[in-house]
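This report concerns only the one structure given below.
Protein chains: 2
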Amino acid sequence: MKYPTLYQAFRKHIDLSPKAYLDLENRLIHKTLDKKEFLINEGQVIRYLPFIAKGLMVNYRLDGEGEKHVIQIRWAGLWLGDLYSFFSGAPTKFNIRAYQPTELLMINHETFDYITKKHPVYERFFRLSIQNAYIETLNQIFNLHSSSAEARYLELINNVPALLNDIPHYLIASYLSIKPQSLSRIRKKYK
Amino acid sequence: MKYPTLYQAFRKHIDLSPKAYLDLENRLIHKTLDKKEFLINEGQVIRYLPFIAKGLMVNYRLDGEGEKHVIQIRWAGLWLGDLYSFFSGAPTKFNIRAYQPTELLMINHETFDYITKKHPVYERFFRLSIQNAYIETLNQIFNLHSSSAEARYLELINNVPALLNDIPHYLIASYLSIKPQSLSRIRKKYK
DNA sequence: AGATTCCATTCACCTATGTTAATGGAATAA
DNA sequence: TTATTCCATTAACATAGGTGAATGGAATCT
């Protein structure tokens, strides 16, 4: 078993035999990204379901003025990507980029079809994954509605204290939906 | 066929024979809600997947101060509810309420299990539905990040002009994440 | 019908965050 | 190493949206 983190990620949601896991593990595509390297850009079709084995990735969209808006920040142990683009074949609207040296384990369509047919428990896993991703974004909307930027900042660094050292602050500001200057202003209050 | 709207909703995503559709239609639970009647409240477990045949429903969450935050507004032809609560059995954090006389067609667990086993195409439909709901919320987050309240208002009434007559303005304000006074201020500009 | 509650609107004032510009240090490139 | 770009921070000023209070009309209750 080369990637116990991945096995654990599955076991959190489904009852998966080591054998069924290894059947998948042997088919994974391993990909390494340097700091600031892109996994995918707006307009491309994503052909993989990527799991972050190590590192940190940021998912942002560009608005009409070309301004970046960070929608997701994801780290080791999590999936990311654009499920819609993967399943529908439509070009993505997202830009997904590593901000630390990152290792990905990726499932392509062929492997996805194979393992969900061979081990139906994986089908359940991916349905649960989408469901969880959906719930998480609903929470994110609720937070944007109900908490101030300051409160969102405090919650974020409380949950993921390492974040401030791992990515540029302007990306954290963008994720919080404020400008870097405002983030600085908030941070000053807590020094 | 009693509910062509529902059949159309399925046909938008999957290739469904009338026979397979009728097999479901006969098992639907029909529910009528009065104006302002709740479908479900925070803390309850939702036991159905509801489709809106007629009317209009609002989904909101309460924050720590007891303030309502409207997360979704949904109308005829759409599904709603809390997929997470339905599939996991966990109590919901949402309050779902009709704001017009509403008719729902609901699928319970027994029916869900039956039709997805009998007609696997339904399985695909529900995976696509979750996926679409997920994409929609990602868009909602992007809009909250990238557009002003004024721009979000203009987009909303452009997409759903009837909304202003169908629900109280304070709910629209909440959905836009502003106060009713601010909505009035914006509306004044466009008279 | 009359009383009551609810709701949209307006106004004056307030606050959080945006904007523009400047600075210096850190990271990167030559 | 030096030059250059990038980034976090600060400050002064600008603005979108919040707050609290008042008003009048619509809807609901008795």
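First to last, the sequence lines map onto chains A and B. Numbering-wise (the numbering used here), the first sequence opens with residue 553 and increments by one. Numbering-wise (the numbering used here), the second sequence opens with residue 553 and increments by one. Where is the CB? At the ideal position from N, CA and C, for every residue including glycine.
- When secondary structure is reduced to three states using DSSP, residue 743 of chain B falls in the coil class, being assigned neither helix nor strand.
- With a minimum length of 3 residues, the unbroken runs of beta strand (DSSP E) contained wholly in the region 652 to 704 of chain B fall at 654 to 660.
- Apart from the 5 residues on each side of it in sequence, residue 649 of chain A sits with its Cβ closer than 6 Å to the Cβ of 590 and 610 in its chain, given in chain order.
- Interface criterion not met: the Cβ of residue 601 of chain A is under 8 Å from no Cβ in chain B.
- Under a criterion of Cβ atoms nearer than 8 Å, the residues of chain B adjacent to residue 690 of chain A are, in order, 623 and 689.
- Counting every other CB atom within 10 Å of its CB across the protein chains shown gives residue 697 of chain B a total of 16 or more, marking it as buried.
- Between the alpha carbons of residue 674 of chain B and residue 665 of chain B lies a gap of roughly 10 Å.
- Any Cβ of chain A closer than 8 Å to the Cβ of residue 677 of chain B would place that residue at the interface, and such an atom is absent.
- Distances from the alpha-carbon of residue 603 of chain B to those of B/618, B/588 and B/584 put B/584 closest.
- Of all residues in the region 630 to 652 of chain B, only 635, 636 and 639 come within less than 7 Å of chain A when Cβ atoms are compared, listed by chain position.
- Around residue 682 of chain A, the beta-carbon contacts reaching into chain B at under 8 Å are 679, 682, 683 and 686.
- Considering only beta carbons, the part of the region 692 to 714 of chain B lying closer than 7 Å to chain A consists of 692, 693, 694, 696, 697 and 698, in chain order.
- At a cut-off of 8 Å between beta-carbon atoms, residue 567 of chain A makes no contact with chain B.
- Under the three-state reduction of DSSP, residue 588 of chain B is assigned to coil, being neither helix nor strand.
- Sequence-distant Cβ neighbours of residue 619 of chain B in its own chain, meaning closer than 6 Å and more than five residues away, do not exist here.
- Any Cβ of chain A closer than 8 Å to the Cβ of residue 739 of chain B would place that residue at the interface, and such an atom is absent.
- Only residues of its own chain outside the window of five on either side were considered, and among them 621 have a CB closer than 7 Å to the CB of residue 615 of chain B, listed in chain order.
- Listed in chain order, the alpha helix (DSSP H) elements of length 4 or more contained wholly in the region 610 to 649 of chain B are 635 to 640.
- Using a CB distance cut-off of 8 Å, residue 586 of chain B does not count as an interface residue toward chain A.
- With a contact defined as Cβ atoms closer than 8 Å, residue 608 of chain A and residue 651 of chain A qualify at about 5 Å.
- The beta carbon of residue 729 of chain A falls within 8 Å of a beta carbon belonging to chain B, placing the residue at that interface.
- The three-state reading of DSSP puts residue 604 of chain B in strand, counting E and B together.
- In the DSSP assignment, residue 574 of chain B falls within the unbroken alpha helix (DSSP H) covering 570 to 577.
- For residue 706 of chain A, the closest C-alpha among the options A/693, A/725 and A/595 is that of A/725.
- Of the candidates B/564, B/565 and B/580, B/580 places its Cα closest to the Cα of residue 661 of chain B.
- At a cut-off of 8 Å between beta carbons, residue 613 of chain A contacts chain B.
- Of all C-beta pairs linking the region 673 to 692 of chain B to the region 678 to 692 of chain A, three or more are shorter than 8 Å, placing the two stretches in contact.
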